[in-house]
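A.B. asks: Let me give you the structure first, and then I'll get to my questions.
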Amino acid sequence: MNDPGLTVGSKVLVVDDKKENLDILTHILEGEGYEVSFAMEGEKAIQIASVYLPDLILLDVMMPGIDGFETCRRIKVLTDLRDIPIIFVTGKADVSDILRAFQVGAIDYVTKPIRHEELCARVKTHLQLRRLMIIRDELIAQMRQQNIRLEKMSVVNEEKLAQSEKMSHLGELIGELTHELATPLGISTTALSTLSDNTQEISTNIQSDKLSKSKLIKFLDITAENYDIVLSNLNYAIQLINSFKKIVVGEFNPNSSKLELANFLHDILHILRPKLKHMSHQVKVECPENISLNVQAGALSQVLINLINNALIHAFEEKTAGEVTIKACTRADKLHLSVADNGRGIGDENLEHIFDKYFTSKADEGGSGLGLFIVKKIVTESLGGEINCQSSPAGTCFEVIIPLTS
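Just so we're aligned, residue 3 is where the sequence shown starts under our numbering, counting upward by one.
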């Protein structure tokens, strides 16, 4: 993370309506080896950013015309600019202003007067994170391209292809997890920084005998508010990580274990939340609370995630808002688990072939034809069960039947 090679030469756009502030920030940033451009109003900043494509934007809040919040909001709806990290530079440090900054898409903020070391540290940190995310995306893209090439080679061993498919699926989940964690961790860091600044201020007031009742009450209110912000965001991050550990890490464990199905299904839904946030489709779970079973949890999660992804990719091409429903029930000593969508259905000419090896309706889009073949292989060989599919123009339903004990 501290490799200067990740950030040297990075492009920074500074937006401030005061020339003296631009001069100070430009002097500091150029001293760190960054390439700096500037704008003195929001709309001009958007125009420059669209051409200049900076690696990071330092954005003042109070400006003539559109303010920093509106400028940030507009930047974040532009495809070419929305992933650029934005740090607000502001004299407004109220919690409500800080929260508003994060709501419109900022990743951090620094307060005026500018502290040289703090500005450099925050800029460097976010440039490094930005560069690492770009490297991550490039690696994921390379993995996908490599998988497409491998999948087109008929001589490739079936087991290696299946493993490649699994790793591609895991790589995508890991990418989505790291991106989703950035927001709660960033908000928590900022809230803790605010707490530290306010604690220092109250300590100074105590030492100089200037602590009034009103200042103490304000300090306690700010402290309580920031603690709530930190706790809620860290709890979300912990829940996301725990779900990831249970589901994804479990895919590498071939041993059977007892699991509570309702909790297990909600964990799967939780790790898919980053993907679903970018879609208008919904995934819901209908499962009694009292179902437990001994099963290879990793194998079962891989089957369910593949079936859900299959529905999201194939079922809703003509729908803006589809629905996938996961249902569970027990009959005798077996679990009946279904994944159903209300999409366009599968044509009769394709339905009888969907579990065939290499069969795909999206060959021209890089489809491998291995997804459902692997799902059936896992269900029959690892879970000791069976899978079937029914489809109509009103939607498709996959049903997985496995023993409650293995």
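Just so it is clear, CB atoms sit at the ideal spot from N, CA and C, and this is done for glycine as well.
How many angstroms separate the CA atom of residue 350 from the CA atom of residue 324?
C.D. replies: Taking the straight line joining both Cα atoms gives about 21 Å.
A.B. asks: Which residues in the same chain as residue 107 place their Cβ atom closer than 6 Å to its Cβ, once the five residues preceding and following it in sequence are excluded?
C.D. replies: Cβ within range, chain order: 74, 78.
A.B. asks: For residue 12, does the three-state DSSP call read helix, strand or coil?
C.D. replies: Correct three-state label for residue 12: coil.
A.B. asks: Run through DSSP, which three-state label would residue 342 get?
C.D. replies: Residue 342 falls in the strand class under three-state DSSP.
A.B. asks: Just to confirm the assignment: which complete beta strand (DSSP E) runs, minimum length 3, are found wholly within the segment 272 to 312?
C.D. replies: Entirely contained in the segment 272 to 312, the beta strand (DSSP E) runs reaching 3 residues are, in chain order, 284 to 288, 294 to 297.
A.B. asks: Please list the terminal residues of the continuous beta strand (DSSP E) segment that includes residue 262.
C.D. replies: Element bounds for residue 262: 259 to 262.
A.B. asks: May I ask you to list the residues that DSSP assigns as paired with residue 137?
C.D. replies: DSSP lists no partner for residue 137.
A.B. asks: Mind checking residue 218: buried by the 16 CB within 10 Å criterion, or exposed?
C.D. replies: Counting Cβ neighbours within 10 Å, residue 218 comes out exposed, since fewer than 16 surround it.
A.B. asks: Quick check: the segment 292 to 299 against the segment 255 to 265, are at least 3 beta-carbon pairs closer than 8 Å?
C.D. replies: In short, these stretches touch, since the Cβ pair count reaches three.
A.B. asks: Between the segment 202 to 221 and the segment 115 to 125, do at least 3 Cβ pairs fall closer than 8 Å?
C.D. replies: Flag = no, the segment 202 to 221 and the segment 115 to 125 do not touch.
A.B. asks: Looking only at DSSP bridge pairs, what is residue 397 linked to?
C.D. replies: DSSP lists 394 as partners of residue 397.
A.B. asks: Would the beta-carbon of residue 382 fall within 8 Å of that of residue 391?
C.D. replies: Cβ atoms of residue 382 and residue 391: not closer than 8 Å.
A.B. asks: Near residue 227, what residues of its chain come up, given a Cβ to Cβ distance below 6 Å and the 5 sequence neighbours on each side ignored?
C.D. replies: Here the set comprises 97.
A.B. asks: Which word fits residue 303, buried or exposed, when buried means at least 16 other C-beta atoms lie within 10 angstroms of its C-beta?
C.D. replies: Buried, by the Cβ-count rule.
A.B. asks: Give the single residue among 355, 216, 236, 151 whose Cα lies nearest to the Cα of residue 192.
C.D. replies: Out of 355, 216, 236, 151, 236 has the C-alpha closest to the C-alpha of residue 192.
A.B. asks: Among 27, 143, 86, whose alpha-carbon lies nearest the alpha-carbon of residue 115?
C.D. replies: When each option's Cα is compared against that of residue 115, the closest is 27.
A.B. asks: With DSSP as the reference, label residue 3 as helix, strand or coil.
C.D. replies: Low per-residue confidence applies at residue 3: pLDDT is 41, beneath 50, and the placement is therefore not dependable, though the value from the model is reported in the following sentence. It is coil, neither helix nor strand.
A.B. asks: Under the assumption that residue 288 contacts residue 327 (Cβ atoms under 8 Å), give the Cβ distance between them as a whole number of angstroms.
C.D. replies: That pair is a contact at about 6 Å.
A.B. asks: State the start and end residues of the unbroken beta strand (DSSP E) segment that holds residue 22.
C.D. replies: It is not in any beta strand (DSSP E) - residue 22 instead sits in the alpha helix (DSSP H) that spans 21 to 33.
A.B. asks: Return the CA-CA distance between residue 140 and residue 322, expressed in angstroms with no decimal places.
C.D. replies: So the alpha carbons of these two residues sit roughly 29 Å apart.
A.B. asks: Jot down the residue ranges of each uninterrupted alpha helix (DSSP H) in the segment 35 to 60, minimum 4 residues, whole runs only, in chain order.
C.D. replies: Listed in chain order, they are 44 to 54.
A.B. asks: Between the Cα of residue 337 and those of 213, 102, 401, spot the shortest distance and give me the residue it belongs to.
C.D. replies: Out of 213, 102, 401, 401 has the C-alpha closest to the C-alpha of residue 337.
A.B. asks: Where residue 33 and residue 308 are concerned, what is the direct C-alpha to C-alpha distance, given to the nearest angstrom?
C.D. replies: C-alpha separation (whole angstroms): 50 Å.
A.B. asks: Rounded to the nearest angstrom, how far is the Cβ of residue 374 from that of residue 311, given a contact under 8 Å?
C.D. replies: Going by Cβ atoms, the distance from residue 374 to residue 311 rounds to 11 Å, so no, they are not a contact pair.
A.B. asks: How would you label residue 41, buried or exposed, when you count the other beta carbons within 10 angstroms and need 16 or more for buried?
C.D. replies: Residue 41 is buried by the Cβ-count criterion.
A.B. asks: Looking at the secondary structure, which residues open and close the alpha helix (DSSP H) in which residue 212 lies?
C.D. replies: Careful: residue 212 lies outside any alpha helix (DSSP H) and carries neither H nor E.
A.B. asks: So, with DSSP's three-state summary, where would you put residue 382?
C.D. replies: If DSSP states are grouped into helix, strand and coil, residue 382 belongs with the helices.
A.B. asks: For residue 103, which residues from the same chain have a beta carbon less than 6 Å from its beta carbon, with the 5 sequence-adjacent residues on both sides left out?
C.D. replies: Contacts found: 90, 111.
A.B. asks: Any idea which residues DSSP pairs residue 329 with across the strands?
C.D. replies: Bridge partners of residue 329: 288, 340.
A.B. asks: Candidates 319, 99, 258: which alpha carbon is nearest residue 196's?
C.D. replies: Measuring from the Cα of residue 196, the nearest candidate turns out to be 99.
A.B. asks: Beta-carbon separation of residue 62 and residue 25 under 8 Å?
C.D. replies: No; because the gap between Cβ atoms is not below 8 Å, this pair is not in contact.
A.B. asks: Measure the alpha-carbon distance for residue 11 versus residue 271 and round it to whole angstroms.
C.D. replies: Near 41 Å, if we compare the C-alpha coordinates of residue 271 and residue 11.
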